Each structure stands twice: as structure tokens, then as C-alpha cells.
Amino acid sequence: MKGKKLSVIPVMSAWSNRIGRAYILISTLISAIIILLIALVLFIYSWEAISQQRADLFTSIWNPAAGQFGILAMLYGSLMVTVIALAIAIPLGLATALFTSEMLGVRYRFHVKFLLELLAGIPSVLYGLIGVAFFSVWLGDLFDLQSGRTILTAGILLAIMVLPTIITLGDDALHNVPRQYREAAQGLGLYPHEVIIHIVLPLAKTDIAGAVLLALGRALGETMAVMLVIGGIDKIPPSLVNIMVPGQTITSKLGREIEETAFASMHFSALIFMGLALLVMVLALTAIAQHYFRPGLRLYE
Amino acid sequence: MNRNSRYAANYLFTAVVWSAVIICCALLCFLLSTIIWNGVYALSFKFLLSPASGFGANGGIIYQITGSILLIAVTAIISLPIALGVAIYKSEFLKSCRLQRLSNLLIYGLNGVPSVIFGIFGLIFFVNLLGAGISWFAGAIILAIMILPTIVLSTYQAINSIPTIYRESAQALGLDTWQIITRVLLPQGLDGAITGLLIGLARAIGETAPIMFVATAFSGVDIPDSLNGPITTLPTHILALAKQATDAQALQNAWGAGLVLLCLVMLLGFAALMGRIRLKTRWQ
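Protein sequences appear in the order of chains A and B.
This note's numbering puts the first residue of the first sequence at 389, with every later residue one more than the last.
This note's numbering puts the first residue of the second sequence at 8, with every later residue one more than the last.
Pasting the structure below:
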């Protein structure tokens with residue numbers, strides 16, 4: 389308070405109090421309803437597909453012309469891309485978080501956080517542009533592929549995109565471990581790596597799991613970058629582990645196709661169903677992270 | 008022997024961590040230098056100040072820049088008042104622990120919704136159900152919904168961290184609830200709100216997926232003269248150009264637009280950072 393004067397206007401006060409309360413209540417209701425409204429709208433518009441296609445939705449052939457709307461290929465793509473991304477980003481991110489939290493002086497923490505935020509702030513369409521102009525070309529040349537736009541390319545690009553999230557949340561998780569534990573372990577004559585592996589990491593386990601869940605949700609929902617580099621073929625490769633082929637994720641499918649689809653047709657409805665499935669997965673992850681781990685109020689830290 | 012192997016393990020561990028750090032730093036340098044290096048080649052005053060032509064491959068990006076800025080300005084105007092209301096409610100009126108958890112779940116849930124979901128929601132709700140067609144205002148509403156959680160949490164923290172004694176003193180002076188809010192809490196909480204708003208806008212200006220079905224058209228769009236009608240923005244322009252990645256001229260324009268977009272994001276992010284530093288030192 390910078391010595392600000394408080395003026396009281398008694399006549400107005402009862403009214404302004406009432407209006408103020410109404411305003412606060414209404415804005416709260418609006419924001420509480422929005423997420424329910426989104427889920428409801430998606431559910432209503434996917435109902436046609438759910439009620440008529442039923443189990444056929446979970447087959448592997450997507451052919452709107454023949455009335456076949458199997459979403460397994462897209463589910464497979466989303467899962468595979470996410471698994472690749474996390475398989476690269478978790479070890480790399482955690483090792484870097486260990487460095488920033490355990491080896492780097494506290495003085496530099498602010499700068500590191502700033503750099504990470506800079507990285508996290510790069511719009512996803514720019515990652516997509518870099519993926520199209522460089523990564524897909526490099527991978528195509530490296531493995532002598534017809535096209536460098538593959539599931540693997542998307543996975544690598546996504547790994548780079550979620551890396552800042554994992555590093556910064558991992559760093560927070562490690563930082564939350566009290567100093568005494570480290571000092572006690574050092575006092576017992578443990579080497580630095582033993583302190584980290586046997587003392588610090590187990591203590592930070594829950595927070596790290598929360599960080600991974602958040603990164604998982606982000607990777608599942610990422611659209612632009614994936615859409616530009618994945619190639620866009622709705623097929624599960626004959627060999628499930630062959631990741632050097634073009635694929636499709638739920639998000640890239642939605643991004644590519646929904647605008648060209650007639651509103652409220654079966655095709656549209658099946659696409660919306662995919663969106664609903666994605667939303668349910670991501671919300672479940674968020675709820676689990678909220679309930680079992682404590683991501684705290686780190687939305688913008 | 009045992010001592011030697013422990014020493015070797017420590018050495019190995021350090022080497023692994025260092026190599027991870029080097030890879031991450033290399034990635035950071037690569038990303039930033041690629042965007043800057045390629046972007047600088049494309050930039051010129053003519054590029055910045057002339058409209059796009061030939062499906063974006065020629066001409067400049069003036070309408071993309073004005074479009075992006077107009078869109079986030081309206082986004083800010085829509086989202087800030089709602090976020091202030093929610094944050095005040097959450098901080099001052101919501102006492103029950105269970106409801107606090109529920110509101111956290113809703114806010115974090117909304118924050119986690121993938122951006123493409125906002126896009127298809129907007130497509131169904133605004134474009135088709137409300138019959139707005141392609142409307143940039145609907146795009147601004149969608150973006151406002153998207154950044155709402157960020158602003159709410161930032162404002163909530165700022166208001167919630169005001170010491171209780173300020174509220175008690177104001178009450179003792181005979182102020183009613185609304186007066187306490189407008190004259191004590193809001194002036195102090197506004198910094199937090201602005202910081203959250205800037206962080207949210209830095210994200211909103213770079214988003215493509217929420218607005219690409221709802222608000223934007225690729226070519227032949229200038230500054231909209233009503234609330235309805237399409238707009239063109241930097242991210243959707245980059246997306247359209249990136250799709251024609253084989254065309255060298257289109258790709259170069261994409262890099263130019265990309266660098267401008269990155270600069271706008273950094274500008275907003277930097278302003279938010281300044282705000283946060285101020286906030287952090289407030290009650291100490």
C-alpha cells in the first residue's frame with residue numbers, strides 16, 4: 389500500500405456491493421461451465437458415430453468413402469509418437485535437470501529458468517517449420533527414405549518441444565528436496581552420483597512423475613508440429629515397431645481433415661469422436677497429476 | 008577395487024549428465040540460430056510493410072502482423088475481466104476446501120485441454136451452431152478461453168498473497184466487501200493479473216490450432232472492418248507457407264514471418280518476466 393487514500397461512498401456502496409458480487413459470481417460460473425460445455429458439445433456431435441458405428445470405431449481401417457471409420461491407426465500414431473518423444477526427452481531432460489539443480493550454482497538458476505522459458509515459448513508452428521525444413525530432410529537422407537516425414541521425425545520433434553517442460557519441472561522437483569538429506573549423505577562419505585541416485589532421486593520421485601504426466605499430456609495434444617512432419621497416412625505399419633514410415637496422429641488427423649468435412653455428417657462425427665477420445669485422455673492425465681502428485685501452482689513458473 | 012569402481016561410476020555419471028547438458032544447449036542454439044539466421048535473410052522494411060501476394064510466396068506480412076496484434080488485443084479485453092472475477096471469487100469467497108479442489112481441477116483441466124480441441128469446439132459452437140461463419144471475433148473468444156487459467160492463477164496468487172491484515176484494517180475502517188475488493192485487493196492484485204495476461208498472450212499469439220478453423224483465411228484478407236469476417240495471422244500464415252515447403256520463396260517468407268512472430272512472443276514474455284520480478288519482491 390503506497391499510502392493510497394480510501395474513500396467511502398455510503399450511498400453507492402450497497403448497490404455496488406450487489407453488482408460486484410453478481411459480476412464475480414457470473415464470471416466464475418462462465419469459466420466453470422466452459423470446460424463442461426466443450427466436453428458436452430464434443431459428446432453430442434460424436435454421438436452419431438458412437439451410436440451407429442459402435443465397436444467399428446475401434447478397427448484399423450479409415451475409409452470415409454466406404455463408411456469405415458476405424459480410429460486405431462490414429463490412436464497408434466498418437467501413442468507411438470508420444471512414446472518416442474518421452475523416451476528421448478525424459479532421460480535427456482532429467483539429466484539436464486540434475487545438472488541445473490545439483491551441479492550448477494544457485495546463482496545461475498534464474499538464468500537457466502529464463503532460457504528454458506524462452507525455449508518453451510517458441511510457437512509450435514515454428515517447431516513445425518524447422519521440422520519440415522531440416523529434420524525431415526536430414527532423416528530422409530540419413531536413412532535413405534522416400535520421404536523424411538515419418539512417425540520417428542514427429543517423435544523427435546515432439547521430444548524437443550517437451551524438453552523444456554521436463555527440465556524445468558524436473559529441476560523444481562529436485563530443488564524441493566531439502567538440503568539436509570544431501571548433506572547427511574555426503575557426510576556419510578557417499579560420492580556425488582550416489583547422493584543423487586540413492587537419496588535425491590527417490591525423494592523427488594513423486595514430483596518427477598507429475599512432471600512426466602504433464603509432459604505426456606502436452607505431447608498427446610500437440611498439433612501443428614506433428615501435423616507438418618508426420619506424413620499423414622492413416623495406416624498402422626505392418627510391423628508395429630517400424631517407425632520410419634509416415635503415420636497419423638489424432639491431432640494431425642483433426643488438423644488436416646475437419647475443415648474439408650461436411651458439418652454433422654458421419655465422417656465429421658467420427659472425427660469429433662477422436663477429439664473427444666483425446667480430450668478424455670488428456671483430462672484423465674491432468675486429474676491423475678492433480679490428485680496423486682502435487683504439481684502445485686507452477687503453471688507459469 | 009571397490010573404491011576404484013565407485014570412482015569410475017561417479018566419473019561415468021558426470022559424463023552422462025554433461026553430455027545431456029551439451030545436447031540440450033546445442034539444441035537451444037540450433038533452434039534460435041536457425042530461426043534468427045533464416046529469418047534475417049527474409050526481413051526488410053518492404054517485407055514488413057507490404058501485403059502478401061501470390062499466395063504468400065511474394066509480398067510481405069503487414070496484414071498478418073496487424074491481424075495477430077488485433078486478435079490478441081481483443082483476446083486480452085475479453086479474458087482479463089472474467090479472470091479477475093474468478094480470481095477474486097477463488098481467493099475471497101471460496102472457503103470450502105472441497106470446492107477449492109474442484110475449482111483447481113477445473114482450472115488445471117481447462118489449462119490442459121489440447122489447443123486443437125479448442126479449434127474444433129470453436130468450429131462446432133461458433134461457426135456452425137451460432138452461425139457466425141469464419142469470424143475473427145470468435146477466434147478471440149476461443150483464445151481468451153484458452154489463456155483464462157493462466158491469468159486466473161497468476162491473479163489468484165497475487166491477491167491471495169496480500170497479508171490478511173490489509174483486509175482487516177479495511178474492514179475496521181468500515182469498508183464493505185466490494186470496497187475492500189476494488190480499493191485494497193484489486194490495486195495490489197492487478198500486477199499479478201497483468202503478468203498472467205502477458206504470459207497468456209505470449210502463448211495466444213503463437214497458437215495456430217485454435218483459430219485455424221474458426222477465425223482465419225489464408226489469402227485476400229486485410230484488416231477486418233466488422234466483428235465478423237476472417238482475419239489473417241502470423242502463425243496461420245507460417246503454417247500455410249510451411250505446407251508448400253518445396254517452394255524456396257514461400258519458405259523464405261515463412262522464416263521471415265517466423266522471426267517476427269518470435270520477436271513478438273519474446274517481447275510479451277520479457278514484459279511478463281519484468282512483472283514477475285516485481286511481484287516476487289513485493290511482500291518481502
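Glycine included, C-beta positions come from ideal geometry on N, C-alpha and C.
Quick caveat: nothing in here was measured; it's all calculated off a predicted structure.
- When Cβ-Cβ separations below 7 Å define contact, Gly213 (chain B) makes contact with chain A.
- Nearest Cα to Tyr173 (chain B) within the set B:Ala249, B:Thr157, B:Gly196 and B:Ile154: B:Gly196.
- Looking at B:Ser110, B:Gly276 and B:Ser233, the one whose alpha-carbon comes closest to that of Ala420 (chain A) is B:Ser110.
- Note that the C-beta distance between Thr202 (chain B) and Thr223 (chain B) is not below 7 Å.
- If you draw a straight line from the Cα of Trp44 (chain B) to the Cα of Gln456 (chain A), it comes to about 46 Å.
- Check the Cα spacing between His244 (chain B) and each of B:Leu234, B:Ile131, B:Ile212 and B:Ala165: the tightest is with B:Ile212.
- Secondary structure at Gly213 (chain B): helix, using DSSP grouped into helix, strand and coil.
- Contact of Val670 (chain A) with chain B is assigned, a C-beta pair being separated by under 7 Å.
- DSSP places Phe220 (chain B) in the coil class of the three-state scheme, outside both helix and strand.
- Using beta-carbon distances, Phe220 (chain B) counts as an interface residue toward chain A, with a partner under 7 Å.
- Annotation: Cβ neighbours of Phe487 (chain A) in chain B (cutoff 8 Å, chain order): Val24, Trp25, Ala27 and Val28.
- Three or more Cβ pairs closer than 8 Å define a contact, and the stretch 460-473 of chain A meets that threshold against the stretch 628-635 of chain A.
- The continuous stretches of alpha helix (DSSP H) do not include Ala521 (chain A), and DSSP gives it neither H nor E.
- Look at Gln186 (chain B) here: in three-state DSSP terms it is helix.
- Straight-line measurement puts the Cα of Ala255 (chain B) at about 34 Å from the Cα of Ala145 (chain B).
- Setting aside the 5 residues that flank it on each side, Thr649 (chain A) is surrounded in the same chain by His655, Phe656 and Leu659, each with a C-beta closer than 7 Å to its C-beta; the list follows chain order.
- Between the C-alpha atoms of Pro194 (chain B) and Leu417 (chain A) there is a straight-line separation of about 24 Å.
- Residues of the stretch 501-512 of chain A whose Cβ lies closer than 8 Å to any Cβ of chain B, in chain order: Phe502, Leu503, Glu505, Leu506, Leu507, Gly509, Ile510, Pro511 and Ser512.
- Against Ala420 (chain A), the close residues of chain B are Ser110 and Leu113, in the order they occur along the chain (beta-carbon pairs closer than 8 Å).
- Cβ-Cβ distances below 6 Å link Asp229 (chain B) to Tyr70 in the same chain, with the five nearest sequence neighbours on each side left out; the list follows chain order.
- Contact annotation for Asn17 (chain B) against chain A: Tyr579, Pro580 and His581 [CB-CB distance below 7 Å, chain order].
- Interface flag for Gln678 (chain A) against chain B is set, since a Cβ pair is found closer than 7 Å.
- Within chain A, the residues Leu517, Val520 and Ala521 have their CB atoms less than 9 Å from the CB of Leu258 (chain B), given in chain order.
- Note that the C-beta distance between Ile206 (chain B) and Ala279 (chain B) is below 7 Å.
- Here Leu428 (chain A) is exposed, its C-beta having fewer than 16 other C-beta atoms within 10 Å.
- Beyond the five residues adjoining it in sequence on each side, Thr82 (chain B) comes within less than 6 Å, by CB distance, of Ala147, Leu150, Ala151 and Ala211 in the same chain, given in chain order.
- Taking the beta carbon of Ile621 (chain A) as reference, no residue of chain B falls within 8 Å; the closest one sits roughly 16 Å away.
- Residue burial is scored here from C-beta neighbours: Gly181 (chain B) has fewer than 16 other C-beta atoms within 10 angstroms and is therefore classed as exposed.
- Counting along the chain, Asn17 (chain B) sits inside the alpha helix (DSSP H) bounded by residues Asn9 to Ala49.
- At a cut-off of 7 Å, the C-beta of Asp183 (chain B) has a neighbouring C-beta in chain A.
- Within chain A, Tyr579 have C-beta atoms less than 7 Å from the C-beta of Arg13 (chain B), given in sequence order.
- Taking 4 residues as the minimum length, the alpha helix (DSSP H) runs contained wholly in the stretch 559-630 of chain A are 567-575, 589-609 and 612-617, in order along the chain.
- In the DSSP assignment, Gln678 (chain A) falls within the unbroken alpha helix (DSSP H) covering Met654 to Tyr680.
- For Gly146 (chain B), the enclosing alpha helix (DSSP H) covers residues Trp143 to Asn167.
- Look at Gly265 (chain B): its C-beta is under 7 Å from a C-beta on chain A.
- Within the stretch 526-561 of chain A, no complete beta strand (DSSP E) segment of 3 residues or longer occurs.
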